[in-house]
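Numbering follows full-length UniProt numbering, with no gaps: position 15 of the sequence shown is 15.
Every residue gets a Cβ at the ideal spot worked out from N, C-alpha and C, and that includes glycine.
Remember, predicted model here, so these are calculated numbers, not experimental data.
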Amino acid sequence: MTKRGYGRIINIASAHGLRGSANKSAYCAAKHGVVGLTKAIALETAGSGVTANSVCPGWVLTPLVQQQIEARAAKSGRSLEAETALLVSEKHPSSQPVAPEHLAQLVVFLCSSAGAQITGTELSVDGGWTAR
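Structure follows, in structure tokens:
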């Protein structure tokens with residue numbers, strides 16, 4: 001990429017890469033590592049036309065998250081809908097989950113010429129979770 005004078009590196013981290021969470025130390029460590037690696041790459045490629053950023057989503061309703069919701073619902077006796085609403089509202093002040101489309105649109109923006117001077121940063125898409 002540096003030889004071509006253009007490139008976009010976009011690493012998907014997590015809101016857990018920006019803050020700690022109990023009982024998720026390994027996951028948090030891994031995601032903090034992604035954020036740190038991305039910052040180092042941004043410095044190493046500065047001025048070359050290559051940018052490097054981390055996207056840090058909050059709760060996205062993926063199959064993995066759905067499994068967590070199902071386990072919580074089974075334990076609590078609440079419906080899946082009620083457990084989903086509770087889980088998301090516990091983390092996101094917006095009380096809304098992140099849609100995959102939100103992440104995709106951000107990545108497209110970062111890959112465009114409008115993202116040329118955005119490098120070495122982490123972009124939260126988390127309904128306000130990391131603002132707390």
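Where the beta strand (DSSP E) containing residue i begins and where it ends
| i | result |
| --- | --- |
| V98 | Premise fails: V98 is in no beta strand (DSSP E) and is neither H nor E. |
| S113 | Counting along the chain, S113 falls outside any beta strand (DSSP E), and DSSP gives it neither H nor E. |
| V125 | 122-125 |
Extent of the continuous alpha helix (DSSP H) to which residue i belongs
| i | result |
| --- | --- |
| A26 | 25-44 |
| V88 | 80-91 |
| V65 | 63-76 |
C-alpha gap between residue i and residue j, whole angstroms
| i | j | result |
| --- | --- | --- |
| L80 | R4 | 49 Å |
| H102 | G77 | 31 Å |
| H32 | A52 | 15 Å |
| T130 | S112 | 26 Å |
| G47 | G7 | 11 Å |
Three-state class that DSSP yields for residue i in the structure shown
| i | result |
| --- | --- |
| T51 | strand |
| G7 | strand |
| L18 | coil |
- prompt: Touch check for the region 53-72 and the region 13-20: three-plus C-beta pairs under 8 Å?
  reply: Yes: at least three Cβ pairs fall under 8 Å.
query: Are the region 28-45 and the region 80-100 touching, with three or more C-beta to C-beta distances below 8 Å?
result: no
- request: Check whether the region 64-77 touches the region 22-32, taking contact to mean three or more Cβ pairs, one atom from each stretch, closer than 8 Å.
  value: no
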